[in-house]
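The block underneath contains the structure these notes are about, expressed in structure tokens.
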């Protein structure tokens, strides 16, 4: 079985007729029929019921169609990305990203980009989504990556969401809370915490609904900053509580500097990151390559970051 056979199979399944399918593929009808027969013989299954006026998928044919479409789509994406790599030459891209992402996902994506496109120049601005949306509208950046909860209703924007992650509570190794077999949310009130100076209003409402959780990140936090990396380091060095998605603390978990508290946190407490660009402005080849690299790294970071939760 090869990709050409799968393409023939998918086209015939979509057309339902050998004549139409062969025309779409620009091959003869006998050649298409032979390709399908060879595929069926190799798999030792019947993929189509032959009817008087066309063909109809068998149950196993329907299953193969569902798998083939996604596989062919991935192959097409690979061709697209390789083409982008070949065409980017000495391009440049200017982006912005949230402070959490600038301390986790973005450095990983930049390293990945350098592996395949070493001559690309990238400028990254760190900050909050409310300022970055104006940067995008003013043409100062190609796109930005940030919390999208307050951006989804802006009609000028195109968004592609990144995998959502739970926001967990982490403490330094040796923290007193780790001695409890089953820590409760009420135990959090006994300790100071780190907090970003700004969070989305929707997230504020989630926190306000749970009295045991910190309701005001700036007003009641022991350490407040717009620098996520600074907050993370503070958690490693002191007894403060640290709220973070798993992918942003992978290295600290690996080095056993931070440990996740096994707490029953509300499911609404999660990330809502997205890549945002203008609908009216087509991304350059280099910007598109940067965007796709971030998406790929986000998926891999999500899978690696959440694996330690499953193992805990």
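Numbering (our numbering), first residue to last: 934 to 1245. Ideal Cβ placement from N, Cα and C applies to all residues, glycine included. Every value quoted in this text rests on a predicted model; they were computed, and no experiment measured them.
Could you please give the first and the last residue of the uninterrupted alpha helix (DSSP H) stretch that includes residue 1090? Here residue 1090 corresponds to residue number 157 of the chain shown, with the count starting at 1. Premise fails: residue 1090 lies in the beta strand (DSSP E), 1090-1094, not in any alpha helix (DSSP H).
Identify whether residue 1127 lies in helix, strand or coil by the three-state DSSP scheme. Counting from 1 along the chain shown, the entry for residue 1127 is found at position 194. For residue 1127, the three-state secondary structure derived from DSSP is strand.
Nearest-angstrom Cα separation, counted from residue 976 out to residue 934: Start at 1 with the first residue of the chain shown, and residue 934 comes out as number 1. Start at 1 with the first residue of the chain shown, and residue 976 comes out as number 43. Spanning the two alpha carbons is a distance of roughly 8 Å.
Drop a sphere of 10 angstroms on the beta-carbon of residue 1107, count the other beta-carbons inside from all chains shown, and report buried for 16 or more, exposed for fewer. Taking the chain shown and counting its residues from 1, the one referred to as residue 1107 is at position 174. Around the CB of residue 1107, fewer than 16 other CB atoms lie within 10 Å, so the residue is classed as exposed.
If you draw a straight line from the C-alpha of residue 1229 to the C-alpha of residue 973, how long is it? In the chain shown, the residue the question calls residue 1229 occupies position 296. In the chain shown, the residue the question calls residue 973 occupies position 40. About 34 Å.
What did DSSP end up calling residue 1132 once you bin it into helix, strand or coil? What you label residue 1132 is simply residue 199 of the chain shown in a count that begins at 1. Coil.
Start-end ranges of the beta strand (DSSP E) lying completely within the stretch 1094-1122, minimum 3 residues: Counting only runs of 3 or more, we get 1101-1105.
Give the C-beta separation of residue 1288 and residue 1083 to the nearest angstrom, bearing in mind that I take them to be a contact with Cβ-Cβ under 8 Å. Lying outside 934 to 1245, the shown extent of the chain, residue 1288 is not represented and no answer is given.
If you count every other CB in all the chains shown that lies within 10 Å of the CB of residue 1030, and 16 or more means buried, which is it? Sequence index remark: in the chain shown, residue 1030 carries index 97 (1-based). Classification of residue 1030: buried, given that the 10 Å Cβ count is 16 or more.
Nearest to residue 1219 by CA position, among 1015, 1145, 1141 and 1136, is which residue? Within the chain shown, numbered from 1, the residue matching residue 1219 stands at position 286. It is 1015 whose Cα lies nearest to the Cα of residue 1219.
8 Å CB neighbourhood of residue 1216 in its chain, flanking five on each side removed: On the chain shown, position 283 is the one that residue 1216 refers to. Excluding sequence neighbours, residue 1216 sits near 1075, 1076, 1210 and 1224.
Does the ligand GTP have a heavy atom nearer than 7 Å to the CB of residue 1214? Ligands in the displayed structure: none, and consequently the ligand GTP is not present.
Along the chain, where does the alpha helix (DSSP H) that runs through residue 954 open and close? Mapped onto the chain shown, residue 954 falls at position 21. Segment 951-958, the alpha helix (DSSP H) holding residue 954.
Looking only at its own chain, which residues have a Cβ that is under 6 Å from the Cβ of residue 938, when we skip the five neighbours before and after it? As a working note, residue 938 is residue 5 in the chain shown. For residue 938, where only same-chain residues beyond five positions count, the Cβ hits under 6 Å are 968 and 972.
Coarse secondary structure for residue 1189, derived from DSSP in three states: Translated into positions along the chain shown, residue 1189 becomes position 256. In this structure, residue 1189 counts as coil in the three-state DSSP scheme.
Tell me whether the beta-carbon of residue 1145 lies closer than 8 Å to the beta-carbon of residue 1121. For this step, residue 1145 is matched to residue 212 along the chain shown. For this step, residue 1121 is matched to residue 188 along the chain shown. Between residue 1145 and residue 1121, the C-beta spacing is below 8 Å.
When 1043, 995, 1177 and 1060 are compared against residue 1053, the one with the closest alpha-carbon: Counted from its first residue, the chain shown places residue 1053 at position 120. Residue 1053 has its Cα closest to that of 1043, out of 1043, 995, 1177 and 1060.
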